[in-house]
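Following numbering that gives the first Met the number 0, the numbering of the sequence shown begins with 0 at its first residue and continues without gaps.
We put the beta carbon where it would ideally sit given N, CA and C, even for glycine.
Worksheet: the structure to be examined is printed underneath.
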Amino acid sequence: MTLKRKFFRAASLALTIAAVLVYNIGGAYASEPLKLSAKSAVLIEASSGRVLYQKNAFEKLPMASTTKIMTAIVAIENCRLDDTVIVGRNASGVGGSSIWLSEGERLPLSDMLYGLMLASGNDAAVAIAEHVAGSVDKFTEMMNEKARQIGAYDTCFSNPNGLPAANHYTTAYDLALISAYAMKNDVFRQIVGTQYKTIPWQGHEWDRVLKNKNKILWQYEGGNGIKTGFTDDAGRCLSAAAIRDNMQLVSVVLCAPDMFRDCMSLMDYGFAEFKNRILVKSGEYMGEVAVRHGTKDGFGVYSEKDMLYPLTEEEYGKISRRVYVESVVKAPVNKGQEVGFVDVWLGDKRICSAPLSAPEEIGDNSYGYNVLKILYGMLN
């Protein structure tokens with residue numbers, strides 16, 4: 000790709016990122032506000048991150064046990080599920096919701112995670128934190144670093160369980176980003192989508208029977224996650240997810256007396272008004288690139304995967320595409336080498352972009368290259 004093209008591509012990508020961020024956060028909202036009990040609420044489509052509805056979504060608030068979403072994903076990404084977690088004194092003495100861990104008790108990390116996410120065990124959160132990082136303080140550093148990586152810049156964790164603490168807060172928007180990220184993990188998604196789970200109870204004749212506190216799994220079509228929360232300071236909090244017709248929605252409500260109804264109302268709106276539209280189909284022809292001094296004269300460029308984006312029916316009618324493909328490239332060409340990109344616009348706003356690349360390797364067939372090849376063969 001020429002220097003001029005590289006500059007144009009870099010500038011275009013920067014504009015695309017800015018436009019997508021602004022458009023995703025701005026969103027397209029209901030003509031009339033939804034009747035929600037929540038102080039703060041947001042609905043996003045998980046794969047694109049597009050905000051479909053929001054109410055005070057950027058206000059910093061405590062989030063109670065929805066904190067454990069981050070606790071779980073950090074543990075899953077940093078440890079083996081068959082690790083043995085040994086319960087320490089700090090964990091066994093934690094108040095609030097609990098799975099009644101005893102000091103010295105041993106459980107696989109996988110069982111601890113079910114206790115964390117289904118029964119909302121505050122003791123399990125501390126046991127996991129100490130196992131993963133050696134201490135709660137070091138683990139919360141990992142949580143905060145992960146939040147920054149995800150883009151949840153208005154979030155701060157002070158503990159792994161969500162009990163009231165100074166400098167422990169998030170926003171509905173940030174929690175939705177964290178939730179969407181976690182729901183992309185197969186292990187996490189399986190755990191939070193489980194209604195009941197039986198795990199051992201050391202020193203007892205019976206096992207622990209855990210029931211998921213998230214009623215969305217029972218009461219909402221397509222419900223597949225993720226976590227409830229409550230403290231006096233935070234009020235009732237819920238991150239809830241559901242998938243229908245290949246569209247994964249994540250709804251978050253903070254300080255919501257009627258949290259389940261709120262999330263159902265948000266997702267009802269999302270599924271009724273939006274569909275995940277295919278804007279570019281996998282394998283769709285995008286153009287032709289000539290190759291100078293190559294073993295082949297050129298190659299066709301095709302999109303590598305479906306490009307999806309949540310749109311209303313009205314918005315879908317305003318979609319346009321712009322394809323940029325190099326007319327000529329110089330051999331050699333590497334498979335996967337970027338040779339262009341496709342932008343998708345909604346009216347005058349660019350909403351997504353994808354690179355286009357060479358589908359095969361093409362060798363150099365220039366005179367100079369062939370002379371060098373002959374000389375190399377003579378010398379060897």
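The Cβ atoms of G228 and A63 sit closer than 7 angstroms to each other. Judged by beta-carbon spacing, V186 lies beyond the 7 angstroms limit of I98, meaning their Cβ atoms are not closer than that value. Just measuring C-alpha positions, the residue of D232, A164 and D244 sitting nearest G222 is D244. One alpha carbon belongs to R291, the other to S302, and they sit about 23 angstroms apart.
Boundaries of the alpha helix (DSSP H) harbouring E129: N121 to A132, taken from the DSSP string. The Cβ-Cβ distance between V327 and A289 falls below 7 angstroms. Judged by DSSP in its simplified three-state form, V73 adopts helix. Check the Cα spacing between P159 and each of E129, I361 and I149: the tightest is with E129. Taken in chain order, the complete alpha helix (DSSP H) segments of 4 or more residues contained in the region 174 to 211 are 185 to 191. Contact annotation, D122 with A90: C-beta distance approximately 5 angstroms; criterion of less than 8 angstroms satisfied. Within its own chain, the residues whose Cβ lies closer than 6 angstroms to the Cβ of M266, once the five positions on either side in sequence are excluded, are A241, L248 and S250, listed in chain order. Inter-residue distance for L253 and A56 is about 9 angstroms (C-alpha atoms, whole angstroms). The C-beta of K196 has 16 or more other C-beta atoms within 10 Å across all chains shown, which makes the residue buried. Rounded to the nearest whole angstrom, the CA to CA distance from T154 to A175 is 11 angstroms. Rounded to whole angstroms, the Cβ separation of P61 and A171 is 12 angstroms, and the two are not in contact under 8 angstroms. Cβ-Cβ separation between F273 and L108: approximately 37 angstroms, too far for a contact (criterion under 8 angstroms). Separation of K334 and D305 (C-alpha to C-alpha, rounded to the nearest whole angstrom) is 20 angstroms.
Burial state of T294 is exposed, judged by a 10 Å Cβ sphere holding fewer than 16 other Cβ atoms.
For D363, DSSP records a beta bridge to G293.
For K38, there is no enclosing alpha helix (DSSP H), as DSSP gives it neither H nor E.
By the Cβ-count criterion, S319 is exposed, with fewer than 16 other Cβ atoms from all chains shown falling within 10 Å of its own Cβ.
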